[in-house]
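In this note's numbering, the protein residues as written are 2 to 175.
Now the structure itself:
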């Protein structure tokens, strides 16, 4: 039986435990910071981005559930959410992201972030403007989550003895 080398095991641990932990910290920190943009749904640019990136970076589907549950419990315990059930949006979005990730298409996770962001409207007075803004910011969060996951994947790739990023990229000869 062959075991993973320490550097590979460290990368795996950082991916499967460290990144979801970082997502929880970022979501809880963003819940405490007020960002006065006066646009409905703009806060998803951080919390939904982190959940989408967690769903794309980790191999275990339950990691995004753990991040959503951790953020829900932490924001509820610290009373950072605007209402008693407002912190449940993180867990609800994580459950939906986990369901979408079961399909196996990574790009679908990023696109599905737009309608998934509508969970933030649960229990609120809803008009067409709010729905449109939530869909727009949800899609932007999905694209940002995809970009974060791509950067993490690129950084985690071994360099194979090359220095820098020479020979990589879309125009490199293979």
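No residue lacks a Cβ here, since even glycine has one placed at the ideal position from N, Cα and C.
This structure is a prediction, so every number in the text was calculated from the model and none was measured.
Going by the CB atoms, is the gap between residue j and residue i shorter than 8 Å?
{"i": "residue 114", "j": "residue 32", "result": "no"}
{"i": "residue 14", "j": "residue 147", "result": "no"}
{"i": "residue 152", "j": "residue 120", "result": "no"}
{"i": "residue 46", "j": "residue 134", "result": "no"}
{"i": "residue 21", "j": "residue 59", "result": "yes"}
{"i": "residue 101", "j": "residue 66", "result": "no"}
Determine the closest residue to residue i out of the options, with distance taken between C-alpha atoms.
{"i": "residue 123", "options": "109, 149 and 86", "result": "86"}
{"i": "residue 108", "options": "125, 77, 142 and 128", "result": "142"}
{"i": "residue 128", "options": "42, 105 and 157", "result": "42"}
DSSP state of residue i, grouped into three classes?
{"i": "residue 86", "result": "coil"}
{"i": "residue 8", "result": "helix"}
{"i": "residue 76", "result": "helix"}
{"i": "residue 161", "result": "The pLDDT assigned to residue 161 is 47, lower than 50, so where the model puts this residue is not dependable; a value taken from the coordinates is nonetheless given after this. Three-state result, residue 161: coil."}
{"i": "residue 135", "result": "helix"}
{"i": "residue 107", "result": "helix"}
Assuming residue i contacts residue j under a Cβ cut-off of 8 Å, what Cβ separation, rounded to an integer in Å, is found between them?
{"i": "residue 25", "j": "residue 98", "result": "So it is not a contact: roughly 15 Å between Cβ atoms."}
{"i": "residue 64", "j": "residue 55", "result": "6 Å"}
Determine, using beta carbons only, whether residue i comes closer than 8 Å to chain B.
{"i": "residue 61", "result": "Considering every chain present, this structure includes no chain B. It has just one protein chain."}
query: Is there contact here, the stretch 71-81 with the stretch 24-41, by at least three beta-carbon pairs under 8 Å?
result: Counting Cβ pairs under 8 Å, three or more are found: they touch.
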